[in-house]
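Below you'll find the structure, written out as structure tokens, and then a few comments.
There are 2 protein chains.
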Amino acid sequence: MENFTAYNPTTLHFGKGVLNQLGITINRFGKKVLLVYGKNSVKSNGLYDTIKHQLDSIGAEVYEYSGIKSNPVVQDVDAAAAIGRENSVDVILAVGGGSVIDSAKIISIAIPVEAPAWDFFERKMIPRTAVPLVAVLTLAATGTEMNQFAVLSNHETENKNGYGSPLLYPRHSFLDPQLTVTVPEDYTAFGIADLVAHCLEAYFGKGEDATLSDKLVFSIIREAIEYGPPLMNDLTNYELRAKIMYAATLALNGLTMYGRTSGDWGVHSIGHILSLLYDVPHGASLTVVYPAWLRLQRENLAHRIKFLGENVFGTGDVDLTIDRLEGFFRILGCPVRLSETKAGNVDPDEIFRVMVHNKAATFVHKLNVDDYREIIRMML
Amino acid sequence: MENFTAYNPTTLHFGKGVLNQLGITINRFGKKVLLVYGKNSVKSNGLYDTIKHQLDSIGAEVYEYSGIKSNPVVQDVDAAAAIGRENSVDVILAVGGGSVIDSAKIISIAIPVEAPAWDFFERKMIPRTAVPLVAVLTLAATGTEMNQFAVLSNHETENKNGYGSPLLYPRHSFLDPQLTVTVPEDYTAFGIADLVAHCLEAYFGKGEDATLSDKLVFSIIREAIEYGPPLMNDLTNYELRAKIMYAATLALNGLTMYGRTSGDWGVHSIGHILSLLYDVPHGASLTVVYPAWLRLQRENLAHRIKFLGENVFGTGDVDLTIDRLEGFFRILGCPVRLSETKAGNVDPDEIFRVMVHNKAATFVHKLNVDDYREIIRMML
């Protein structure tokens, strides 16, 4: 086992009706609130009214920034941070999925500085302080509600990058599975795939002696396999929504990583490029890349793929394990080839160029340009 | 799944040599340190010198309280709190196992008040604030290093009780598995049994729909079964010590409880009485009570025992599952009957009387006086 530090200060409020505690929670930080959200779905499903009611109950002074995109961009972050800065907000309330919460995390460290937020991503600037962030999650997928990471795109520089800092943990996150019952079929599936992919990035990282973390990875993936497909057939089922929502949080809140040095994150890195170029949803990009990545690594990582197969997919065969993972993604209704995504028929050379530009990297199992070509070929 | 709140602010520093960060960590809270420890083993094994070196490096002003007993008593807590109060300490440093850290937790809330610490246990007083607590763990067992609970005995009132408050989380806990390689065989075994028992208390609590928490329980118990017996044959093995130490932390840091309303804690409640009356080590008390408790509940909880058996003990048979759990405790070298403990031949009526006096209680599967008699009979 590798040395590790476990630290996660987020308070998670999970379950039916937990939003009734939102007002008093916000009030602990102050009354000037920057409310950040994305599309109008927040308004149409009644959530906006619930939030406003909670904010009104404490006499909050609310500044809004709406219109955060899926595959969020740094320009929105800069614009929202300016509003927060001008009005000296006490607290940020993010209402949405990973895109909104990731954006709000970077807004929280951008408000205190007079510089473009992308400077954090380019390591030109280190955050010293953050405006407290409270999150209301509406989509089970990324795990951002209980971790210190955020991912943004910058179309000007043609990058999609992750950023991490202990300052990025939300102070409080509210997870009412009832809020996710209106998530459409495709995004429900992408969320399940995303949580499985997060487990796999940890599992294929550095630290194979982290036997308990391996067992936790298997537990979370088994939960997704056991309850993901039933949920796809019963999208309004609260219990199934709750199981997947909690699994998604645990899949990337640090737990799968303790005792390891790092996750691999090569698949995410490549997936980000597909999102950047073709606006492929994050989860869908992962279900396309993972089978290809595993087939590329089938000899190098044979023992780990086999161990995964034995513990999760009922087989000790490497190729069958990969086939069954791909099959699981298909059962969910996720694309497993680029041609099945909205990207459709793409230019492999363009993907290659942007992979090289972004140095589509892994922390552990390094890829060279030949590997890039091979993965692109397999995922077309 | 039941609603839950997940909150655990403890920073865990895990691995070889982590104590080299102890001084600077303490220094964040101040220089006046109340150092609390137990027996002289801390001095004989060199740990005391390491600690002093770290404290000297920050110019700390150190006040000591040593002599905390295993099965710690509230009188030591009151005496130590008085020292901390007189000297207005900034921080408490607890060095030891569960007894020392549990004592230090109650010291941390007792220092700010002018009253006997037992008043907290009798609900005569609610803590408002706590002196920051930093812990150095020397025994893998209770999980106290990352939770909000403490257990103390009061021989005057003939009680052994638990107490919980969010104020009791250690701010930082240092876990170097190397510090546990000198733990003797019996206490190593008791620690492994203790962590398994903690998992079972959660598993047999209220909230059978917490399917992911069930899977995590199985993962932790399987880790103990996989690496506990090898450790008993190789007590100085760092890797095995590390696996058990981490498993013990996860077994009672909240993780096994999310999605449940409560654990059962009936076995602990009865075990505490054996410790109170006969000074039976905590872990040993649990290995005596658990088989008896499960046999008492074999019909009531048949479906849960069966599910445990299928996932951990390779059988779907209820009785065989209980036998195999008992067998596992035996393999570790733990007593499974009172006659095998230091208590030896005891007076069943005395146990019964003190069980009634302590209202040896469970949160979920209530026991009546006939159950008391039956459990006592089975554990003699």
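Residue numbers (my numbering), protein chains in the order written: chain A, 2 to 381; chain B, 2 to 381.
Beta carbons are placed, not taken as given, at the ideal position from N, Cα and C, and that holds for glycine.
Please read all numbers here as calculations on a predicted model, not as lab measurements.
**OP:** Identify, in the order they occur along the chain, each residue of the same chain with its Cβ nearer than 6 Å to the Cβ of A:V365, setting aside the five sequence neighbours on each side.
**Re:** G206, K207, D265
Original post:
Would you say A:I93 and A:L48 are within 7 Å of each other, going by their C-beta atoms?
Top reply: Cβ distance not < 7 Å, so A:I93 and A:L48 don't count as in contact.
Original post:
Taking contact to mean at least 3 C-beta pairs separated by less than 8 Å, is the stretch 12-26 of chain B in contact with the stretch 355-364 of chain A?
Top reply: no
Subject >> 4 or more residues per run - each alpha helix (DSSP H) lying fully within the stretch 308-353 of chain A >> reply: 319-333
Original post:
Hey, out of A:T6, A:N369, A:I221, whose CA is closest to B:H385's CA?
Top reply: Outside the modelled stretch of chain B, which goes from 2 to 381, sits residue 385 of chain B, for which no answer is possible.
Original post:
What number of angstroms, rounded off, separates the C-alpha of A:E65 from the C-alpha of B:V114?
Top reply: 45 Å
Original post:
Is A:N369 buried or exposed, if buried means 16 or more other CB atoms sit within 10 Å of its CB?
Top reply: exposed
Original post:
Which parts of the stretch 76-108 of chain A are runs of the beta strand (DSSP E), unbroken and 3 residues or longer, counting only runs that do not cross its ends?
Top reply: 92-97
Subject >> Amino acids of chain B, ordered along the chain, whose beta-carbon sits closer than 8 Å to that of A:G317 >> reply: Chain B residues near A:G317: none, gap ~18 Å exceeds 8 Å.
Subject >> Simplified DSSP state of B:P282, which is helix, strand or coil >> reply: Looking at B:P282 - three-state DSSP - the assignment turns out to be coil, as it is neither helix nor strand.
**OP:** Please report the residue range of the beta strand (DSSP E) in which A:K32 lies.
**Re:** Neither: A:K32 is in no beta strand (DSSP E) and is coded neither H nor E.
Subject >> Neighbour flag for B:M379 against chain A, beta carbons, 7 Å >> reply: no
Subject >> Cut-off 8 Å between Cβ atoms - residues of its own chain near A:D91, not counting five sequence neighbours on either side >> reply: F30, G31, K32, K33, V34, V132, P133
Original post:
For B:T51, which residues from the same chain have a beta carbon less than 7 Å from its beta carbon, with the 5 sequence-adjacent residues on both sides left out?
Top reply: Taken in chain order, the residues that qualify are L20.
Original post:
Using a Cβ-Cβ cut-off of 6 Å (strictly less than) and excluding sequence neighbours within five positions of B:F314, which residues of its own chain qualify?
Top reply: T322, R325
Original post:
Which partner residues does B:G163 have in the DSSP bridge list?
Top reply: B:V152
**OP:** Measure the alpha-carbon distance for B:L297 versus B:F353 and round it to whole angstroms.
**Re:** Those two C-alpha atoms are separated by around 16 Å.
Subject >> Reference B:L176; option with closest CA among B:L138, B:V355, B:A194 >> reply: Residue B:L138 is the option with its Cα nearest to B:L176.
**OP:** Consider the Cβ of A:G165: report whether some Cβ of chain B lies at a distance smaller than 7 Å.
**Re:** With 7 Å as the cut-off, A:G165 does not count as an interface residue toward chain B.
Original post:
Under 7 Å, do B:Y164 and B:F122 count as touching if we go by C-beta distance?
Top reply: yes
**OP:** Taking only beta carbons into account, state which residues of the stretch 230-250 of chain B come closer than 8 Å to chain A, listed in chain order.
**Re:** E240, A243, K244, Y247, A248
Original post:
Beta carbon of A:I27, beta carbon of A:V135: below 7 Å?
Top reply: yes
Subject >> Rounded Cβ spacing between A:L333 and A:G255 (contact assumed at less than 8 Å) >> reply: Actually they are not in contact, since the Cβ atoms of A:L333 and A:G255 sit about 25 Å apart, beyond 8 Å.
Original post:
CA-CA distance, B:R374 and B:G39?
Top reply: Those two C-alpha atoms are separated by around 36 Å.
**OP:** Counting only the same chain and skipping the five closest in sequence on each side, list residues whose C-beta sits under 6 Å from that of B:Y259.
**Re:** F5, A7, S214
**OP:** Quick one: which residues of the stretch 12-27 of chain B get their C-beta closer than 7 Å to a C-beta of chain A? List them in chain order.
**Re:** T12, L13, H14, F15, G16, K17, V19
Original post:
For a contact meaning CB atoms closer than 9 Å, what does A:D210 contact in chain B?
Top reply: E240, A243, K244
Original post:
Does A:N148 get closer than 7 Å to chain B when you measure Cβ to Cβ?
Top reply: no
Original post:
Can you check whether the CB of A:A141 is closer than 7 Å to the CB of A:I226?
Top reply: no
**OP:** Under 8 Å between beta-carbons, which chain B residues line up against A:P10? List them in chain order, please.
**Re:** P10
Original post:
So, does the CB of B:T257 fall closer than 7 Å to a CB anywhere in chain A?
Top reply: no
Original post:
Start and end of the alpha helix (DSSP H) containing A:T1?
Top reply: Summary: the structure shown does not reach residue 1 of chain A, with chain A confined to residues 2 through 381, and so no result is reported for it.
Subject >> Beta bridge counterpart(s) of B:S174 as assigned by DSSP >> reply: B:L13, B:A136
Subject >> Under 8 Å (Cβ pairs) to chain B, residues found in the stretch 297-310 of chain A >> reply: none
**OP:** Could you check the C-alpha separation between B:S109 and B:F150 for me, to the nearest Å?
**Re:** 12 Å
Subject >> Nonlocal neighbours in the same chain, by C-beta distance under 6 Å from B:T12, ignoring five residues either side >> reply: H173
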